[in-house]
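Worksheet for the structure shown next.
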Amino acid sequence: MNIFLIGFMGSGKSTLGKKLSDYLNVNFIDLDKYIEFNENYNIKYIFNQKGEKYFRYIEQKYLKHKFKEPFIMSVGGGTPCYYNNINYMNQYGITIFININIEFLIYNLLKNSKDDRPLLISNNKKSLLKDLFINRLFYYKKSKVTINSNNYININSLLK
Ligand code: S3P
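My numbering puts the sequence shown at residues 122 to 281.
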């Protein structure tokens, strides 16, 4: 059984993924890191040099890699919204949407911005990020499971 963790930038997909992976003793894959490792460039460089269209193309390619062992994968905030990826993930695993209050998320994203998320740089205004989130909700809501929270989820209590 595979698990795909879905949600907007900064919603804690990788943090939850790593914890779940330890808890369930299943491999953890961070899709962005997997792309960077295989392409030998970081996401920011790929976006800047080749553009978002190219990034979305390789993103779906690595998402669809046939892994031998079951896995827990955290995907990028945009992954479910391109190339029918959400249907692919629903077919090959349990999709979990981490739905954190968007006002809280944006506040923290802009406050803690580390300059390594290309879409955060181009949408560095609250209203633009909110529009992006609202457009993406259509895809996120296709997940099989949704975890709702007003702030970051308490992972430890989730795993008890
Ligand atoms: C993106 C989110 C990023 C990364 C890329 C694009 C997006 O991942 O895939 O910068 O479209 O929201 P995180 O959600 O892990 O930040």
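Backbone N, C-alpha and C define an ideal beta-carbon position, used for all residues, glycine too.
Between residue i and residue j, what straight-line distance do the alpha-carbon atoms span, to the nearest angstrom?
i    : j    : result
Y273 : N169 : 30 Å
N146 : F188 : 16 Å
Y166 : K265 : 33 Å
I193 : I217 : 10 Å
K140 : N269 : 18 Å
N256 : E173 : 17 Å
Counting along the chain, where does the alpha helix (DSSP H) carrying residue i start and finish?
i    : result
F225 : I223 to K232
S135 : K134 to L145
N269 : Note, N269: premise wrong, no alpha helix (DSSP H); beta strand (DSSP E) at V266 to S270.
N244 : Premise fails: N244 is in no alpha helix (DSSP H) and is neither H nor E.
Thinking residue i and residue j are a contact (beta carbons under 8 Å), I'd like their distance in whole angstroms, please.
i    : j    : result
G214 : F125 : 5 Å
F225 : N271 : 7 Å
G138 : D153 : Wrong, their Cβ atoms sit about 12 Å apart, outside the cutoff.
G198 : E180 : Not confirmed; about 11 Å, so no contact.
Mind checking which residues open and close the beta strand (DSSP E) that includes residue i?
i    : result
I127 : I124 to I127
G149 : The residue asked about is misnamed: residue 149 is Phe in this sequence, not Gly. F149 -> beta strand (DSSP E) spans N148 to D151.
Determine, using beta carbons only, whether residue i and residue j come nearer to each other than 9 Å.
i    : j    : result
I219 : I127 : yes
Y162 : L184 : no
K263 : P191 : no
Problem - Continuous beta strand (DSSP E) assignments of at least 3 residues falling wholly in the stretch 155-233 - result: 192-195 and 215-221
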